[in-house]
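Have a look at the structure below before the remarks.
Number of protein chains: 2
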Amino acid sequence: MTVADRIGQERAALQMINPAPFNAEAPPEALTGDLTPTELHYVRSNFAIPAHDGTLEIGGAVENPLTLTVDDLRAMPTVDRAVTLECAGNGRLDTRPLPTGEPWGSYAVSTARWTGALLHEVLRRARPATGGVDVRFEGADHGAYHLRPVLEETRRDDLTFVRALSLAHAVDPSAEILIAYEMNGEPLWPDHGAPFRLIVPHWYAVASVKWLKRIDVLTEPYTGEFQTGHYMYEWPDRPHKTVDYMRVRARITAPAHASDINAGTCTVRGKAWSGTGPVTRVDVSLTGEGEWLPARLEPPKGPYQWQDWSFDWKATDVGRHTLRARATDAAGNVQPDVPPWNRLGYGNNAIEVLYVDVH
Amino acid sequence: MTVADRIGQERAALQMINPAPFNAEAPPEALTGDLTPTELHYVRSNFAIPAHDGTLEIGGAVENPLTLTVDDLRAMPTVDRAVTLECAGNGRLDTRPLPTGEPWGSYAVSTARWTGALLHEVLRRARPATGGVDVRFEGADHGAYHLRPVLEETRRDDLTFVRALSLAHAVDPSAEILIAYEMNGEPLWPDHGAPFRLIVPHWYAVASVKWLKRIDVLTEPYTGEFQTGHYMYEWPDRPHKTVDYMRVRARITAPAHASDINAGTCTVRGKAWSGTGPVTRVDVSLTGEGEWLPARLEPPKGPYQWQDWSFDWKATDVGRHTLRARATDAAGNVQPDVPPWNRLGYGNNAIEVLYVDVH
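Chains D and A, in that order, are what the protein sequence lines are.
Mind the numbering: the first sequence is residues 52 to 410 in our numbering, read in order.
Mind the numbering: the second sequence is residues 52 to 410 in our numbering, read in order.
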């Protein structure tokens, strides 16, 4: 089988929304288990799958520049974490006015088990120099990109996917940022960043740089297209801000939107997650009337993964019913009815509204 | 066949959203033709189908009170008009925050051919007294109703469906308000207001009182639950206002939302209508980028009915595409991206956004 055939096979079960660069949503069933099988995990890329020579350079303002291979990373202490990743643009299609950007529905979210070395240990070995501020993560992926959608004059053919984190975040052992080389117990697939990638728990997945090629400690704050151009909350009424933590959100996974069900008890189920602390409650509304009822919320099975919730609904009245679920996290964040609109459509965590026709 | 069986048969093809009172959307195919077959025409009722003795009283501040039967109405000059009716709550499910009220999707709109006598001629025969201000239209339907949803203490068991129009509007020959006794060439069906109903062209259908029982000329402005309680735009930031003219709106009838289509030329089709003048243009957007392209708009086939529009889309790029259609009417009204939110969710004419996956 050719590499192209293999990649095609790996993509077959996804809902493709863009062939080049390849972007695809998970199918709805990907949200039902604790972990999303790799072939059902959503894929977000800003450029085509790049060539990668298998090495990772760590440099910039460090006392001990390093060049690591996957074997070097495997020789370090191994950490294994289930991490929910969500695209910052997930839910963009539900935002009004419709923003520019990839037309993500609601399935650019998945949870996989990632295995790798800890970023802070790699950085400790490289010994950041005094005066470090940010850490710059460069992917091997690069190509043409429109700084502003549509406008031809904003096209640049020489962009590389680069994101940065603060040095304080990058070296924080409790952040458990991984340089991951396995996903669900297998070497990374090309679409997911082979041979290795960053995994930044709790952050929108744009921070989890795929096809990781270079890490540089910087003594100045980092500026770049994917940090301060795109992936910015451009609100109309307050200073712009780069996309960071995943916003608290609940999804209803059963029953399906616009489905027909028989009258009787219906267990409404779903997932909930947040980048700002575990989800502490999920409430359900079964009418359009603003009455919220507490759902059963399962405790987190790990620090970085979605939680299950459920609610036994006595669906005795035939007719159309509206279902909503609203999550609250430990930091007190709660989902809004309407998220603050931002020009590029990031971070839509508005309360999901679906309906079911009971017969 | 019993009456109940007959009514059940008449309702079979509709998407029921409430069994009692019976409320049901049209199926999507109801929007494809010039006229909606009666069995596919949406149904909106505030109370159960009432008994009706077959007479219509015209009284109040008139010099010549009348009692008319359907035969009396048939003896008057006959007018026949295709009229697009839309429920004021159509599209409520797409409004955020989710308002209270019947959970209408987007199919509480239909067009039928209505036959009847002209209201202004009936009123002329009754000779309104000087000092008339409003005309009150009472349906035979009545029962229990919640003045404010959910709150038990607001329930009233003694409400009747009553709406009013200004006398000036009611007696205006150019308004062509009908007392209709036929729909699509047949006597009215029970769900559509048998034996006769008002048809108020250009207005949201709440004005088109079904099961019409009494008409009274009033010398004071009318106040009532369905005029100044419900069916009010309760905006947060300006004076409330009763629901009146249908807002300009375009719908995309093909391709279907979230459908898969083959790459190639795809004719995007739809309907457009407005209560404030014929639709004068429809524009289509095929990207999320704010570029709008003019669609072919067919001229109106009559003064009160939806218009056809279409656009030949070269759907050559595989992947997900967003489709939008935006109508403008002769008064210069244009559909908004987001309608001004109102508590009861009326008049949602926001630009429709759908997506199609091209393979």
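Even glycine gets a Cβ: it sits at the ideal position worked out from N, Cα and C.
Per the coordinates, the alpha-carbon of A301 (chain A) lies some 29 angstroms from the alpha-carbon of E237 (chain A). For the options D:W360, D:W343, D:A219 and D:E80, the alpha carbon positioned closest to that of P351 (chain D) is the one of D:W360.
Distances from the CA of L395 (chain D) to each of D:P150, D:E189, D:D56 and D:A177 were compared; the closest alpha carbon is that of D:P150. Cβ atoms of Y158 (chain A) and P88 (chain A) stay farther apart than 8 angstroms, at about 14 angstroms. Using a C-beta cut-off of 8 angstroms, the region 275-287 of chain D makes no contact with the region 113-130 of chain D, since fewer than three inter-stretch Cβ pairs fall below that distance. For a cut-off of 8 angstroms, the C-beta gap from W324 (chain D) to L229 (chain D) is around 18 angstroms, too long to register as a contact.
The region 139-153 of chain A makes no contact with the region 337-345 of chain A; the number of CB pairs closer than 8 angstroms stays below 3. With its beta carbon at least 7 angstroms from every one in chain D, P179 (chain A) lies outside the interface.
Spanning the alpha carbons of R147 (chain D) and R176 (chain D) requires a straight line of approximately 47 angstroms. Here H193 (chain A) carries a strand assignment [DSSP, helix/strand/coil]. When C-alpha distances from H171 (chain D) are compared across D:R178, D:A221, D:E108 and D:R214, the shortest belongs to D:A221. Within chain A, the residues placing a beta-carbon under 7 angstroms from that of V389 (chain D) are R147 and P148, ordered along the chain. If you look at L65 (chain D), you'll find it isn't in any beta strand (DSSP E); DSSP assigns it neither H nor E.
If you check the CB distance, H372 (chain A) and D311 (chain A) do not come in under 7 angstroms.
For D295 (chain A), no alpha helix (DSSP H) segment is defined, and its DSSP state is neither H nor E. Excluding its 5 nearest sequence neighbours in each direction, A71 (chain D) has C-beta neighbours in its own chain below 7 angstroms: A99, listed in chain order. Bridge partners of M52 (chain A) according to DSSP: none are assigned.
Counting the other CB atoms within 10 Å of its CB gives S225 (chain A) a total below 16, which places it among the exposed residues. At a cut-off of 7 angstroms between C-beta atoms, T205 (chain A) does not count as an interface residue with respect to chain D. The Cβ atoms of Q356 (chain D) and A81 (chain D) do not sit closer than 7 angstroms to each other. It is roughly 27 angstroms from the alpha-carbon of D145 (chain D) to the alpha-carbon of V294 (chain A). Per DSSP, the beta bridge partners of E237 (chain A) are A:M234. Leaving aside the five residues that flank A346 (chain D) on each side, the residues in its chain whose CB is nearer than 6 angstroms to its CB run, in chain order, V333, V335, W360 and F362. Listed along chain A are L144, R147 and L149, each with a C-beta nearer than 8 angstroms to that of V404 (chain D). At a cut-off of 7 angstroms between beta-carbon atoms, I312 (chain A) makes no contact with chain D. Not flagged as an interface residue toward chain A: I100 (chain D), since no C-beta distance is shorter than 7 angstroms.
With respect to the C-alpha of L198 (chain A), the residue from A:G190, A:A191, A:T211 and A:R187 having the closest C-alpha is A:T211.
Just so you know, the alpha carbons of P306 (chain D) and L269 (chain D) end up roughly 49 angstroms apart. Membership of R394 (chain A) in any beta strand (DSSP E) is not indicated, and neither H nor E is assigned to it by DSSP.
Against chain D, the beta carbon of G194 (chain A) has no neighbour under 8 angstroms; the closest one sits roughly 17 angstroms away. Under the Cβ criterion of 7 angstroms, R371 (chain D) is counted among the residues facing chain A. Beta-bridge analysis with DSSP links L374 (chain A) to A:L405. For N97 (chain D), no CB of chain A lies under 7 angstroms from its own CB, so it is not counted at the interface with that chain. Only buried fits T135 (chain A), as 16 or more other CB atoms lie within 10 angstroms of its CB. The beta carbons of T379 (chain A) and T331 (chain A) sit closer together than 7 angstroms.
DSSP places D209 (chain A) in the uninterrupted beta strand (DSSP E) bounded by R206 to S217.
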